[in-house]
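Count the sequence shown with the UniProt record's numbering and you get residues 1 to 373, in order. Cβ atoms here follow ideal geometry from the backbone N, Cα and C, with glycine treated the same way. Predicted model, so just to flag it, every value in this text is computed and none were measured.
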Amino acid sequence: MKLVESTVSDNPGVGEILIRWIASPINPIDLGKINGHFPGDVKLPCIGGSEGVGLVEKIGSGVKSLVVGDHVIPFTIKHPTWTNYAIINADDVRAIDKRLKIEFAATLLINPPTAYCMLKEFVHLEPGDYIIQNCANSAVGQCVVQLAKEWGFKTINLVRDRAEINHAMKMLENLGADLVLTETQFEKKQKDVAKTLHGPVKLALNSAGGHSALLVSSALDRGGTVVTYGFKLRFIHFSFLCFIDTLVHRIVSKGISGEMSGKNPEFLTSSFIFKNIRAVGFAITDFLQQPGNEAKCDEMFRQLQVCKISSFVRPLLCTSMNSSKVGAEELNMNKRLMPPEMDKWRVQDFSKAITRAVEGGSLKQLLIFDTAL
């Protein structure tokens with residue numbers, strides 16, 4: 001890993017903007033691209049990063065939807081975000097409320113929308129219905145717990161057996177989880193757990209694969225749905241090349257090798273035959289780009305910003321709202337949409353951040369490119 005310098009144009013063209021990226025997390029998507037296990041043609045070396053929050057510095061001619069000073073997030077993962085300056089198409093970002101704290105805004109594109117869509121798109125859930133999920137202490141899992149709590153759904157949350165898991169289990173309980181168990185505990189007590197439920201288990205969320213997928217899918221009631229949405233990586237060896245430009249900090253992957261640690265999901269044949277469950281997959285990156293989803297996406301991001309603003313705003317701005325579309329009822333909704341716990345790193349320490357992300361755990365790794373905001 002090393003740092004080099006170069007320059008970037010500061011003159012956006014027609015329909016383009018000059019954006020100053022402020023912060024960007026390290027996601028499994030990023031590690032998957034580097035490792036060669038993410039769908040799509042990724043040529044190395046390439047700049048990493050799939051989401052983040054930035055500030056509009058300049059706008060090119062023809063740009064009507066943004067103004068200088070807007071805070072924006074990408075609406076596609078095709079533009080790398082591990083850089084402090086870039087020129088991109090204005091249509092590929094969306095403005096967000098400036099009152100969102102930077103660390104929360106930087107993670108708004110992938111994890112909260114994934115949780116939101118999985119709860120909204122696959123099964124009609126009524127208050128009192130149950131959801132079961134593995135990897136419950138992940139960033140997506142934490143969002144699922146909180147949204148489900150506010151919408152009246154019950155959650156059964158499984159976590160992997162490992163050291164210091166008690167902290168993660170307590171954290172989930174504090175977020176509103178109804179039941180938190182390790183996978184070993186659930187496997188031993190599954191029948192007893194089923195007897196205590198006061199509603200059907202309609203939805204299972206799988207982000208681990210292997211036997212863990214079997215555990216959550218086997219808990220479904222008749223006609224339930226299991227949604228697989230994530231993968232985990234185990235790296236055998238990795239090395240990175242980081243370019244830090246005069247105006248642009250760019251983290252660029254030189255090469256990485258590894259393998260998937262998440263096994264293919266396992267399901268019981270009897271669950272399909274006698275309980276008529278269905279298994280589907282979901283990727284938020286695909287959902288955002290599907291024609292016809294524009295209105296859904298607009299409403300989703302509006303609601304998620306309301307969720308976050310209601311608890312996490314800059315103190316001097318917490319008494320007002322910019323958008324007249326947001327009503328008092330919505331302001332009171334989802335007040336506990338907490339962000340995942342984070343390790344924050346200066347960009348100069350990116351190698352430590354990437355190493356920590358590869359090691360896994362409950363903490364999200366966030367790269368800070370600009371500490372002025």
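Item	Value
Spatially closest choice to Arg-99 from Met-338, Leu-367, Ala-357, Val-306, by CA coordinates	Val-306
Start-to-end residues for the beta strand (DSSP E) that takes in His-211	Counting along the chain, His-211 falls outside any beta strand (DSSP E), though it belongs to the alpha helix (DSSP H) covering 210-218.
4 or more residues per run - each alpha helix (DSSP H) lying fully within the stretch 115-197	139-151, 165-175, 183-196
Complete alpha helix (DSSP H) runs within the stretch 259-288 (minimum length 4 residues, chain order)	269-275
Neighbourhood of Leu-179 by C-beta, 6 Å cutoff - its chain only, sequence neighbours within 5 removed	Ile-156
Those residues which DSSP pairs with residue 421 across a bridge	What the structure shows of the chain is the stretch from 1 to 373, and residue 421 is not part of that stretch, so it cannot be assessed.
Option nearest Leu-366 by Cα separation, candidates Pro-12, Ala-106, Tyr-85	Ala-106
Sequence-distant residues of its chain with Cβ nearer than 6 Å to Lys-149 (five each side left out)	Gly-176
Residues near Lys-352 by beta carbon distance below 8 Å, same chain, minus five either side	Trp-345
Own chain, CB closer than 7 Å to Leu-316, minus 5 neighbours either side, in chain order	Summary for Leu-316: the model assigns pLDDT 30, below 50, so the residue's position carries little reliability; its value from the coordinates is reported in the next sentence. Excluding positions up to five away in sequence, the list is empty.
Given residue 460 as reference, the closest of Lys-154, Arg-160, Ala-163 once Cα atoms are compared	Since the first and last residues shown for the chain are 1 and 373, residue 460 lies out of range.
The stretch 118-126 / the stretch 86-104 touching (three or more Cβ pairs under 8 Å)	no
Proximity below 8 Å, CB of Ile-59 to CB of Ile-26	no
Supposed contact pair Gly-69 and Gly-15 - C-beta distance, whole angstroms, cut 8 Å	The pair is not a contact, with the Cβ atoms about 19 Å apart (cut-off 8 Å).
Beta carbon of Ala-23 nearer than 8 Å to that of Ile-368	yes
Through-space distance from Thr-182 to Asp-161, alpha-carbon basis	6 Å
Three-way DSSP call (helix, strand, coil) for Ile-96 in this model	strand
Local Cβ density within 10 Å of Asn-137, reported as buried at 16 or more and exposed below that	buried
Three-way DSSP call (helix, strand, coil) for Met-333 in this model	Confidence is the limiting factor: at Met-333 the pLDDT is only 37, short of 50, which leaves the residue's position unreliable, though a coordinate-based value still follows. Residue state, collapsed to three classes: coil.
Tyr-116 versus Glu-359, Ser-212, Val-145, residue with shortest Cα-Cα distance	Val-145
Segment contact flag, the stretch 186-201 with the stretch 165-173, C-beta cutoff 8 Å, min 3 pairs	no
Per-residue burial, Thr-7 [other beta carbons within 10 Å of its own, 16 or more giving buried]	exposed
Member of Arg-302, Lys-120, Lys-191, Asn-264 whose CA lies at the smallest distance from the CA of His-211	Asn-264
Reference Leu-337, options Phe-186, Ala-295, Cys-143, Lys-78, closest by Cα	Cys-143
Between the CA atoms of Lys-296 and Glu-330 - distance to the nearest angstrom	Below a pLDDT of 50, predicted positions are generally treated as unreliable, and Glu-330, at 38, falls in that range; the measurement from the model is reported next regardless. Distance between the alpha carbons of Glu-330 and Lys-296: 17 Å.
Backbone secondary structure at Ala-86 - three-state DSSP	strand
Assigned exposure category for Phe-301 - 16 Cβ within 10 Å defines buried	buried
C-alpha distance - Tyr-229 paired with Pro-112, whole-angstrom precision	13 Å
Through-space distance from Glu-57 to Tyr-130, alpha-carbon basis	46 Å
Rounded straight-line distance, which links the Cα of Asp-298 to that of Thr-76	14 Å
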